[in-house]
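Taking it in order: structure first as C-alpha cells, then the write-up.
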Amino acid sequence: MATTATPATPYLFHRHALVTRITHWINALAIVFLIGTGLNIFNAHPALYWGQFGADDDDARRWLEIGSADAPDGSAYGFLRIGSLTVHTTGVLGLSKGSNGQPSAIGYPGWATFPGVRDLATARNWHFFFAWVLILNGIAYYAYGLATGHLRRDLLPRLKELRPSNIVHDIVSHARLKFPKGEESKRYHILQKLAYGATVFVAIPAMIFTGLGMSPGINAAWPWLLELFGGRSSARSIHWIAANFIMVFILVHLLMVILAGPYNEIRSMITGKFRVDPEKA
Ligand code: HEM
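What follows is the structure in C-alpha cells.
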C-alpha cells in the first residue's frame, strides 16, 4: 500500500495484492465451513473444561455448558451456563426448533451447523478438510506477508498509533460513521489494524495450533503441543474461544464493510482497485 499525493477528483488506487486477495477469499470460504462443522462437532458434547480431561462426571472442571432442563412448571427451556452465570437461551442455544418443527434439545441450532442435522462423522470429515485448506492457505498468506513486508507495514500497529488519543479519536470517528478519505483512506487505521492483527496474529494461529494439538496423528508425533495449552480439554476450550472471537470479528468486519461502502470495499478485495475520494468532495 504505497501512497501518492491525492488529486481533487476520485481515482482508482491499487490497494490489495493478488496473493492477499486470493488467500482472503479462500480463507473466508474455509472459515465459513470450519465454523458450521465446528458447531456441529461441538453439539456432540456441548460443554467445555480446563485441564487434561472432561466428561459428563467432571462437574468441577466444566466451565461452560449449553443444555436444556425442565422449569418447575414442567416446560423445557434451553440455557447457556458460563461459570456461575446461567442465561436462558430457548430458541437459540440448548433448545431450538428441529427440522420437524418440534422443539429439539441440541447445543447449537441446525441452521447454524453444517450439516444441518447432528452428524458427527460428516462434520469431522469436512472440518479436517477445511482445516488443511486454512493451514496451507495461511502458510501462503504469512509467507507472502513476511517476504513483502505487508504484515509489518500494513497490519502491525506503529507505536505512535497506539497512543490512547489516537485510539479514542478512531473510536469517535467510527461512532460518527466518519470514514477516512483521501490519503488517509489508503491505509488501515488503528482499530482496523487491531482487529485484523488480533485475528491474523493471535486468533487464527491459536485455533490452528489447538486444532493440530487435538488431532490424534499430530498428538502422537508432537505430544508437547497439547501440554503447551494445558491439556486436551484446555486446548478444546481455547479452540472454542478463538473460534468465537473469529465469529464476532466476522460480524463486525461485515458491518464495517457495509458502512464503509460495500461496492468499493468488496471490489478492492476482488480486483485490487480501490476508489480514493478527495478529502473535500
Ligand atoms: C464474505 C465475507 C467477507 C467479506 C465480504 C470481506 C471483505 C473484506 C474486505 C472488503 C477487505 C478489505 C478492507 C479494506 O481494504 O479496508 C477485507 C480484509 C480483510 N479481511 Fe475480510 N471479508 C470477509 C470475510 C473474512 C473472514 C472470514 C476473515 C477472517 C476470519 C477476514 C479477514 C480479513 C483480513 C485479515 C483482512 C485484511 C487482509 C490484509 O490486508 O492482509 N475476512 N475483507
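Under the numbering used here, the first residue of the sequence shown is numbered 282, with each subsequent residue one higher.
We treat Cβ as the ideally placed atom computed from N, Cα and C, and that holds for glycine.
As the structure is a prediction and not an experimental result, all values here were calculated from the model.
- Look at residue 297 here: in three-state DSSP terms it is coil, with no helix or strand label.
- Inclusion of residue 506 and residue 494 in the CB contact set at 8 Å is warranted, their separation being smaller than that value.
- Here residue 367 carries a strand assignment [DSSP, helix/strand/coil].
- In this structure, the alpha-carbon of residue 340 lies about 41 Å from that of residue 452.
- Inter-segment contact for the region 347-358 and the region 428-440 is absent: fewer than three beta-carbon pairs are separated by less than 8 Å.
- For residue 510, no beta strand (DSSP E) segment is defined, and its DSSP state is neither H nor E.
- With contacts defined by Cβ atoms closer than 8 Å, residue 474 and residue 442 form a contacting pair.
- Within the model, the alpha-carbon separation for residue 472 versus residue 304 is close to 22 Å.
- Of all C-beta pairs linking the region 413-429 to the region 455-465, fewer than three are shorter than 8 Å, placing the two stretches out of contact.
- With a threshold of 16 other beta carbon atoms within 10 Å, residue 367 falls short and is exposed.
- At least one heavy atom of ligand 1 lies less than 7 Å from the C-beta of residue 308.
- In this chain, the alpha helix (DSSP H) harbouring residue 490 covers 485-495.
- Looking at the DSSP output, residue 346 sits in a beta bridge with 328 and 362.
- Between residue 345 and residue 329, the C-beta spacing is below 8 Å.
- Counting every other CB atom within 10 Å of its CB across the protein chains shown gives residue 295 a total below 16, marking it as exposed.
- Within a 10 Å sphere around the beta-carbon of residue 306 sit fewer than 16 other beta-carbons, which makes this residue exposed.
- Contact annotation: residue 397 and residue 375 have beta-carbon atoms that are not nearer than 8 Å.
- Burial check for residue 544: the Cβ neighbour count within 10 Å stays below 16, so the residue is exposed.
- Out of 550, 318 and 292, the CA that lies nearest to the CA of residue 390 is found in 318.
- Residues 390 of the same chain have their beta carbon placed closer than 6 Å to that of residue 377, with the five preceding and five following residues left out of the count.
- Assigned with DSSP and collapsed to three states, residue 373 falls in coil, not helix or strand.
- The beta carbon of residue 373 lies closer than 8 Å to those of 359 and 390 in the same chain, with the five residues before and after it left out.
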